[in-house]
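In the numbering used here, the protein residues as written are 62 to 262.
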């Protein structure tokens with residue numbers, strides 16, 4: 062912003078004082094069209110579009126409260142669920158031993174880019190995560206764009222049928238056993254009966 066004082070002299074001439082200026086940066090708008098594509102049970106690609114100019118983007122991932130009990134205490138899944146600092150995605154900020162929260166900051170000052178993509182590694186299979194992305198200026202950040210990301214199970218095991226009972230020609234009683242992956246929720250089983258070359262439910 063630029064400002065200067067103006068006035069009229071004794072003889073009607075226009076007088077203009079020295080000009081002063083101040084730089085004002087508005088808060089960016091939250092990113093748009095935030096989405097996630099899972100690569101495998103432990104990794105995904107997060108992408109979004111720029112809604113207004115921004116100096117940087119803050120991306121954070123948190124493990125939803127009801128899934129925290131499934132988080133392993135070992136280092137099997139490692140710490141670096143976002144790219145390390147020597148990759149071109151930006152500076153790794155912080156993370157926790159149990160992968161409950163982690164964040165990364167990437168440069169958003171390129172005027173040539175209207176969309177961004179960043180990989181997320183070392184996620185837990187069959188777990189729901191909250192992804193948040195904020196657009197930031199020099200002093201303030203936008204509200205967060207939020208996405209729920211649920212990773213697929215690592216392996217879906219084959220059920221083991223332990224009992225087959227039939228009391229008549231129109232009904233069958235089955236008992237099976239199946240060990241589901243850690244953290245699996247709302248699971249379903251599909252039962253088919255093959256008869257005369259055709260499958261029947």
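The beta-carbon is built from N, C-alpha and C at its ideal position, and this holds for glycine as well. Since this is a predicted model, take the numbers as computed values, not measurements.
Among 114, 167, 189 and 188, the one whose alpha carbon lies nearest that of residue 180: 167
Nearest to residue 241 (by Cα), restricted to the options 225, 216 and 227: 216
Within 9 angstroms, strictly: CB atoms of residue 125 and residue 190: yes
Residue 114 versus 197, 94 and 212, residue with shortest Cα-Cα distance: 197
Residues that DSSP places opposite residue 206 in a beta bridge: 194
Collapsed DSSP secondary structure at residue 78 in the structure displayed: coil
Alpha carbon of residue 250 to alpha carbon of residue 211, nearest angstrom: 20 angstroms
Closest residue to residue 264 among 104, 110 and 228 (Cα-Cα distance): Shown here, the chain extends from 62 to 262; a query on residue 264 therefore has no answer.
Extent of the continuous beta strand (DSSP E) run through residue 118: 117–124
Proximal residues to residue 95 (C-beta, below 8 angstroms), its chain only, five neighbours per side dropped: 107, 108, 109, 192, 194, 206, 207 and 208
Own chain, CB closer than 7 angstroms to residue 237, minus 5 neighbours either side, in chain order: 220, 221, 222 and 223
Between the CA atoms of residue 252 and residue 213 - distance to the nearest angstrom: 22 angstroms
Proximity winner among 178, 225 and 255, relative to residue 99 (alpha-carbon distances): 178
Cβ-Cβ distance between residue 176 and residue 111 below 9 angstroms: yes
Residue 117 versus 248, 257, 169 and 229, residue with shortest Cα-Cα distance: 169
Own chain residues within Cβ distance below 7 angstroms of residue 66, not counting five before or after: 78
Residue 88 beta carbon less than 9 angstroms from that of residue 174: no
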